[in-house]
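Visitor: Numbering (our numbering), first residue to last: 1 to 319. Below is one structure. I have some questions about it.
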């Protein structure tokens, strides 16, 4: 494993909205490396033989611990439930990272952060960093109700509390998120960040781009996605090894190659984390992921092998 370490749960608190706030530290208490705002940790869950990604919400300058927030989601494939069951004080986890596929542009003159539900976690880390830099920003935190919103104690008492705006679905129209009102004015140096449920994210992204914000200035991180893995059969040729496999209608590139001994590292299996990105030499990609930007998709030279497919009969990969 790459950049793998064992971290121990030093504090666990169960917050509103079925969210566990978990602090992880080194076994011997040595300081952790500082991380960049927007980064996440990969946690390995041996009982399920799966990896799950959780955004860091602690201050990037904090080196005593990493903090994550985990929503207990009964509709998930079991990862979040397992974390809630096993992340007790003293428990140890194999962890990779921090990795950052959602970096903060620290040169922006104005930053607006939109966090929906548990999607507020990377926004808290970004707010810490922007405050430390003295940069102007606003954090919009959207939740179904105040009684279901986590991190309120932190956000009500933090140094940047005056830059946090709460939006609760059940608290009246005037304080709900109103994108014509709450989106910033279009400017080349203004950046927008959004994380949360897919419908919420699509709404913010589409509204921002329709208002004139450049796609490159609207940053997004999906923590899960509804992905259709099915489609017509196609062949995948591995240029370096000379192996060719057929990916069936219910199969994935990563699984088909693994059966032939060619292992592509896979973590999320939903096309949101980017772990399985693989270089494409030839072929037309049917992108099913939520990780690549539109510009990266148009380049047509990388594929998320856990979920994306081929629009034609054959892909040639640099494997």
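Glycine included, every Cβ here is placed at the ideal spot set by N, Cα and C.
Using only the alpha-carbon positions, how far apart do residue 179 and residue 33 sit?
Guide: Within the chain shown, the letter at position 179 stands for residue 179. Within the chain shown, the letter at position 33 stands for residue 33. Straight-line Cα distance between these residues: approximately 37 Å.
Visitor: Alpha carbon to alpha carbon, how far is residue 53 from residue 275?
Guide: Position 53 of the chain shown, counting from 1, holds the residue named residue 53. Position 275 of the chain shown, counting from 1, holds the residue named residue 275. Rounded to the nearest angstrom, the two C-alpha atoms are 11 Å apart.
Visitor: Rounded to a whole number of angstroms, what is the C-alpha to C-alpha distance between residue 19 and residue 172?
Guide: Translated into positions along the chain shown, residue 19 becomes position 19. Translated into positions along the chain shown, residue 172 becomes position 172. Residue 19 and residue 172: Cα-Cα distance of roughly 24 Å.
Visitor: Which of the three DSSP states, helix, strand or coil, is assigned to residue 78?
Guide: Mapped onto the chain shown, residue 78 falls at position 78. Note: residue 78 maps to coil in three-state DSSP.
Visitor: Whole-angstrom Cβ separation of residue 384 and residue 35, contact assumed at under 8 Å?
Guide: With the chain running from 1 to 319 in the structure shown, residue 384 is simply not present.
Visitor: Does DSSP put residue 1 in a helix, in a strand, or in coil?
Guide: To locate residue 1, count along the chain shown from 1; it is residue 1. Residue confidence for residue 1 is low, a pLDDT of 40 falling below 50, so the modelled location carries little weight and cannot support an answer.
Visitor: Exposed or buried, what is residue 164 when buried is set at 16 or more other beta-carbons lying within 10 Å of its beta-carbon?
Guide: Residue 164 sits at position 164 when you count from the first residue of the chain shown. Buried, since its Cβ has 16 or more Cβ neighbours within 10 Å.
Visitor: Using a Cβ-Cβ cut-off of 8 Å (strictly less than) and excluding sequence neighbours within five positions of residue 12, which residues of its own chain qualify?
Guide: Here residue 12 refers to the residue found at position 12 when the chain shown is read from its first residue. 20, 21, 22, 23, 87, 88 and 89.
Visitor: Strictly by DSSP, which residues pair up with residue 324?
Guide: Because the chain in this structure spans residues 1 to 319, residue 324 falls outside the shown range and cannot be described.
Visitor: In whole angstroms, give me the CA-to-CA distance for residue 105 and residue 64.
Guide: As a first step, residue 105 is located in the chain shown; it is residue number 105 there, counting from the start. As a first step, residue 64 is located in the chain shown; it is residue number 64 there, counting from the start. Their Cα atoms are separated by approximately 25 Å.
Visitor: I need the DSSP call for residue 98, collapsed to helix, strand or coil.
Guide: On the chain shown, residue 98 is found 98 positions in, with the first residue counted as 1. Residue 98 falls in the strand class under three-state DSSP.
Visitor: Please return the same chain residues whose Cβ sits closer than 8 Å to the Cβ of residue 300, not counting the five positions on each side in sequence.
Guide: Within the chain shown, numbered from 1, the residue matching residue 300 stands at position 300. Contacts found: 280, 284 and 285.
Visitor: Going along the chain, which residues of its own chain have a beta-carbon closer than 6 Å to the beta-carbon of residue 269, five neighbours each way excluded?
Guide: Translated into the one-based positions of the chain shown, residue 269 becomes position 269. So the list reads 306, once near-sequence residues are dropped.
Visitor: Ends of the alpha helix (DSSP H) at residue 16?
Guide: Within the chain shown, numbered from 1, the residue matching residue 16 stands at position 16. Here residue 16 belongs to no alpha helix (DSSP H), and DSSP marks it neither H nor E.
Visitor: Hey, which unbroken runs of the alpha helix (DSSP H) at 4 residues or more fall wholly within the region 162 to 199?
Guide: Counting only runs of 4 or more, we get 179 to 182.
Visitor: Alpha carbon to alpha carbon, how far is residue 288 from residue 226?
Guide: Residue mapping note: residue 288 aligns to position 288 of the chain shown, counting from 1. Residue mapping note: residue 226 aligns to position 226 of the chain shown, counting from 1. Those two C-alpha atoms are separated by around 10 Å.
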